[in-house]
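In what follows, a single structure is set out as structure tokens and then discussed.
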Amino acid sequence: MPHLADAQFWASAGLPGTSVVLQEVYATPNEDTLYYCGTLQLNGVSWWASNSIMRLTAQGWDTLGVVHGVVTTVVHWHDTLVVGGAFTTVNSDTMYNVAAHVNGNWLPFGVFQDLSVRRLRIIDEELYAVGSFDSVDGDTTIVGIAVRRGGAWHRVGNSVEQDDPQLLDLTSYNGSIAAIGLMGNEDGRGIMQLIDSTWQLVGPGIQGGLSGAHSIMEYQGDLYVGGQLRLGEGNAGQDIMRWDGSQFHALGLGLQRELGNTYTFSDCRAMRIHDGLLFVGGGFRYAGGIPSDGVAVWDGSQWCGVPGILTEAGGGAMSIAFYHDTLFVACGWLADGDSVNQAARFIGASYIDSCSGPLSTNSPLPLPEAERVFPNPATSVIRFTPPFSRNEQAVIVDALGRIVVSLSGRVPEFDVSAWPRGMYTVLSTKGPATRFLLQ
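In the numbering used here, the protein residues as written are 443 to 881.
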């Protein structure tokens with residue numbers, strides 16, 4: 443565990459009922475209303491007979507109808523609440539996977555056939571839906587992605603070149619849109635951009651048979667993609683990477699469940715921009731090599747840790763939103779050791795705990811020197827004093843924050859003679875960081 447919460451940074455959001463699985467937390471653009479959706483059991487009644495969209499306002503919590511199925515996404519579009527998911531009725535009225543709340547009543551908002559709507563997003567004031575549907579309002583050319591225009595749903599660009607595409611999310615990017623999910627062409631898969639009405643692969647796509655993208659966001663002019671992304675499968679970053687229009691880049695050490703472990707996933711499920719900062723959520727415990735449990739902050743050049751613990755009992759931040767400038771998350775059962783019913787709010791004094799330092803400088807981590815590497819400067823072989831213990835894990839990163847090697851167990855020395863000359867940093871799970879110069 444990266445850091446125990448001696449102080450309390452997270453508390454229950456007060457969500458009524460018993461959560462089965464929460465899918466999304468969403469705040470209106472002016473942050474005056476908050477919604478949680480997913481599957482929820484209210485008043486001891488089975489979830490399919492009581493499942494509701496939960497709304498928080500200044501008057502407290504209330505419910506919005508009974509949805510027989512799962513609601514995965516919520517947006518406010520032109521002052522109308524629109525929800526999507528995998529359902530066929532709301533308040534016993536037939537509605538296929540998308541519904542709108544108008545003047546206190548639920549109304550159908552298109553017929554999305556087969557499977558589900560995964561996300562609703564507003565881009566340039568237009569409403570988009572993505573998911574695994576294979577037709578909308580009887581139009582079989584609308585597959586996986588649709589846009590609402592003139593009171594009807596329309597196809598977005600040419601058809602996605604993928605049998606049974608399953609789109610997970612989308613965002614604005616470079617004057618158009620980019621999307622992630624089960625989509626691709628003969629050159630790659632996983633992430634595509636709409637260019638001149640044609641879906642084109644972004645760079646080489648997502649590499650490896652196990653890796654996949656789960657979140658996407660445009661930030662400071664670049665495209666950020668997060669998910670279960672493994673360096674070992676050829677991706678530029680660990681669980682998160684940045685596209686600058688021509689190539690993907692790592693964000694330092696990226697996101698990790700265990701420091702230095704690039705073979706397993708921690709996942710990056712959520713992204714949200716707030717006060718000029720990119721907040722990300724998932725199942726990680728480290729961001730850029732520093733402790734940050736479930737939520738982390740990226741400012742364009744460095745990682746900053748958010749205090750508190752969300753990953754106990756298999757948890758993490760699966761969705762994030764800001765309500766009255768307070769961070770709310772859809773998470774696991776526990777936050778800082780307390781039961782939170784899968785919905786928590788941040789109560790700490792500051793979102794920022796510690797930061798990695800700019801990754802573009804010669805030293806990726808502005809940490810104090812420690813006399814663990816000898817000799818320093820080094821030329822061929824470095825020795826660790828004391829040697830790493832049997833249960834200790836460590837990584838050595840270069841000046842750009844990229845992992846050069848992962849170490850574990852009793853390693854007294856290491857040959858670095860073939861490495862490029864420059865500054866390196868040793869990060870350990872059981873000791874201070876050490877910088878050394880290879881010359």
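Yeah, the Cβ is synthetic: ideal placement off N, Cα and C, and Gly gets one too. On a predicted model such as this, the values are computed, not experimentally measured, just so you know.
Straight-line measurement puts the Cα of residue 822 at about 19 Å from the Cα of residue 828. The criterion of a C-beta distance shorter than 8 Å is satisfied by residue 819 and residue 879.
DSSP lists no bridge partner for residue 628. With a threshold of 16 other beta carbon atoms within 10 Å, residue 698 meets it and is buried. Under DSSP, no beta-bridge partner is assigned to residue 500.
Residue 577 sits away from residue 782, with the two beta carbons spaced by 8 Å or more. For residue 490, the enclosing alpha helix (DSSP H) has its first and last residue at 489 to 492. Burial state of residue 530 is exposed, judged by a 10 Å Cβ sphere holding fewer than 16 other Cβ atoms. DSSP assignment within the segment 663 to 730 yields the following whole beta strand (DSSP E) runs of 3 residues or more, N-terminal first: 664 to 670, 682 to 685, 690 to 692, 710 to 716 and 719 to 724. Taking a contact as a CB-CB distance under 8 Å, the pair residue 495 and residue 506 counts as one, their CB atoms being some 4 Å apart. Beta-bridge analysis with DSSP links residue 661 to 664. For the set 553, 836 and 749, the Cα lying nearest the Cα of residue 581 is the one of 553. At least 8 Å separates the beta-carbon of residue 718 from that of residue 734. Shortest Cα-Cα distance from residue 644 to any of 673, 672, 652 and 683 involves 683.
Per DSSP, the beta bridge partners of residue 797 are 746. Looking at the backbone, the Cα of residue 493 and that of residue 766 are separated by about 26 Å.
Measuring C-alpha to C-alpha distances from residue 705 to each of 550, 687, 681 and 786 identifies 681 as the nearest. Each residue's CA atom was taken as its position, placing residue 516 and residue 523 some 7 Å apart.
The criterion of a C-beta distance shorter than 8 Å is satisfied by residue 788 and residue 452. Judged by their CB atoms, residue 670 and residue 654 are nearer to each other than the 8 Å cut-off. No Cβ-Cβ contact shorter than 8 Å links residue 658 with residue 693.
Only exposed fits residue 816, as fewer than 16 other CB atoms lie within 10 angstroms of its CB.
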